[in-house]
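Numbering (our numbering), first residue to last: 262 to 737. Remarks on the structure that follows.
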Ligand code: SAH
Ligand code: SF4
Ligand code: F3S
């Protein structure tokens with residue numbers, strides 16, 4: 262067994278950061294006693310659930326520092342953007358929003374502006390911010406998240422700019438404060454980083470190598486969540502099926518899932534993301550055997566053509582992927598399946614794209630998340646030549662949606678008239694008189710009902726369906 266690197270932040274370092282949180286709290290509290298209002302902090306998150314989960318830790322630290330968390334950046338004294346680097350448009354949005362803050366800072370000189378996350382883990386980006394966005398006070402990468410208290414303190418003490426982008430993979434810290442926003446559902450990161458190096462993807466460069474959290478720490482966190490009334494947990498990692506491989510004690514992701522199932526009070530367990538090459542029979546059996554594990558699987562296929570899959574460095578074929586899907590469907594006939602697709606990967610031809618459509622038709626996913634390929638500097642695919650023009654890529658993308666929308670609607674149609682158990686998360690985004698929750702398969706259901714159901718399970722009869730959601734009537 263190889264010796265395990267120390268990937269957990271030392272207790273002394275955690276204690277040091279917590280002491281700084283307390284110092285900032287004292288400063289903010291003094292301000293509150295003097296002015297009668299609390300300093301406000303605004304956190305905006307871009308990107309995947311892992312970033313959402315990191316932002317919940319940022320919000321936890323800020324709240325413990327005595328900041329009031331605000332939904333409005335206009336009234337905030339501290340604004341922080343937790344960024345994503347996965348596609349160019351995610352990055353452009355951040356640059357645009359940071360640019361707009363320049364005016365706010367001109368009017369409000371005491372405003373502190375921070376930017377962190379995956380984009381900042383790229384040296385060139387951090388340098389651009391340093392050179393061109395001089396109104397930004399604090400810049401740090403994903404590996405520095407747990408040092409946020411000391412970084413912010415430096416900014417507050419010296420009124421100077423602080424940039425912290427480190428090369429070494431970030432250690433995992435336990436016991437940091439967390440402010441969660443998912444109603445009865447909680448995100449729990451179980452591992453960080455990715456070792457897969459798909460040729461188009463920036464994530465391994467900005468998140469570092471795979472590091473798994475200690476199983477006892479994960480289980481302890483989930484037990485606490487259950488005690489606090491949470492009913493659902495989603496275990497997060499870029500490739501959860503690799504959980505534990507770096508720990509070398511033989512305890513794997515299926516073992517972790519089985520142990521989470523034993524926690525009273527947690528009634529639904531989800532996880533993402535699984536890499537098709539790593540999803541094991543043991544995991545499929547564990548899912549099938551445990552009623553608490555939702556029969557829902559996000560299994561990104563990316564493309565359907567074997568040449569393209571090889572150049573993408575995905576390490577499976579269309580046939581082996583479809584075989585896995587068949588096995589999964591056989592064990593769990595009602596499973597909800599979702600996937601990610603990239604359209605217009607360099608070199609992909611129209612004929613090759615037909616194989617992606619073929620996968621869609623064969624698997625019949627409930628939903629897909631599709632993206633037009635975006636060139637990421639530093640990845641192998643960035644130097645590969647395109648075959649299709651932008652217009653042709655857009656045509657392929659539209660066809661993909663057309664094929665999938667029909668399948669999504671048909672799959673939802675099959676649920677009409679069924680009574681489904683829905684965990685009510687809150688009110689609908691578009692109408693606050695309507696409740697919104699999710700089925701076991703993760704489908705959104707909107708229905709009229711009393712707000713006493715928020716955070717609870719309700720039996721809902723599906724009375725109408727849309728491509729992206731279901732409409733129902735509560736059975737009381
Ligand atoms: N670890 C997960 C998620 C990675 S990022 C996984 O392996 O599935 C989420 C999705 O973004 C990917 O699945 C992929 O479909 C998409 N993506 C990643 N890099 C991209 C790029 N350069 N251009 C377009 N889409 C990309
Ligand atoms: Fe990116 Fe591939 Fe890792 Fe997913 S598995 S994060 S797509 S490199
Ligand atoms: Fe984006 Fe970072 Fe997630 S690049 S997709 S926020 S891991």
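Ideal placement from N, C-alpha and C gives every residue a C-beta, glycine not left out.
Between residue 648 and residue 698, the C-beta spacing is not below 8 Å. Listed in chain order, the non-local C-beta contacts of residue 504 below 7 Å within the same chain comprise 451, 452, 473, 498, 513, 514 and 517, local neighbours out to five positions each way being set aside. Short of 8 Å from the beta carbon of residue 734, and not among the five residues preceding or following it, lie these beta carbons of its own chain, in chain order: 708, 709, 721, 722 and 724.
Going by beta carbons, residue 487 and residue 526 fall inside the 8 Å limit.
Annotation: the continuous alpha helix (DSSP H) that includes residue 356 extends over 349-368. When DSSP states are grouped into helix, strand and coil, residue 606 belongs to the coil group. Within the stretch 445-485, the complete alpha helix (DSSP H) runs of at least 4 residues fall at 464-468. Put simply, the residues with a CB less than 6 Å from any heavy atom of the ligand SF4 are 455, 457, 458, 459, 462, 464, 465, 499, 500 and 536, in chain order. At least 8 Å separates the beta-carbon of residue 601 from that of residue 641. When only Cα atoms are considered, residue 442 and residue 307 end up about 15 Å apart.
With a cut-off of 8 Å on Cβ pairs, the stretch 615-623 is not in contact with the stretch 589-599, counting fewer than three such pairs. In this structure, the ligand SAH has no non-hydrogen atom nearer than 7 Å to the beta-carbon of residue 344. Every alpha helix (DSSP H) of 4 residues or more that sits fully in the stretch 645-695 is shown, in chain order, as 651-674. For residue 625, the closest C-alpha among the options 523, 329 and 558 is that of 558. Under the DSSP assignment, residue 341 falls outside any alpha helix (DSSP H), being part of the beta strand (DSSP E) whose first and last residues are 339-344. Residue range 384-393 is occupied by the alpha helix (DSSP H) that includes residue 389, with no beta strand (DSSP E) assigned at that position. According to DSSP, residue 733 shares a beta bridge with 708 and 723.
With respect to residue 410, residue 285 sits close: the two C-beta atoms are nearer than 8 Å.
Minimum Cα-Cα distance from residue 380 among the listed residues 438, 400, 298 and 419 corresponds to 400.
About 6 Å separates the beta carbons of residue 372 and residue 365, which is inside the 8 Å limit, making them a contact pair.
The straight-line gap separating the alpha-carbon atoms of residue 502 and residue 457 is approximately 12 Å. If you draw a 10 Å sphere on the C-beta of residue 398, you find 16 or more other C-beta atoms in it, and that means buried. Between the ligand F3S and the CB of residue 468, the shortest heavy atom gap is smaller than 7 Å. Fewer than three pairs of CB atoms, one per stretch, sit closer than 8 Å, so the stretch 681-692 makes no contact with the stretch 655-669. Distance check between residue 279 and each of 713, 415 and 438 places 438 closest, using alpha-carbon atoms only. By the neighbour-count criterion, in which 16 or more other beta carbons inside 10 Å mark a residue as buried, residue 298 falls on the exposed side.
Checking the 7 Å criterion, the Cβ of residue 355 is out of range of every heavy atom belonging to the ligand F3S. In the three-state reduction of the DSSP assignment, residue 334 falls in the coil class, being assigned neither a helical nor a strand state. Between the ligand F3S and the CB of residue 311, the shortest heavy atom gap is smaller than 7 Å. In this structure, the ligand F3S has no non-hydrogen atom nearer than 7 Å to the beta-carbon of residue 511.
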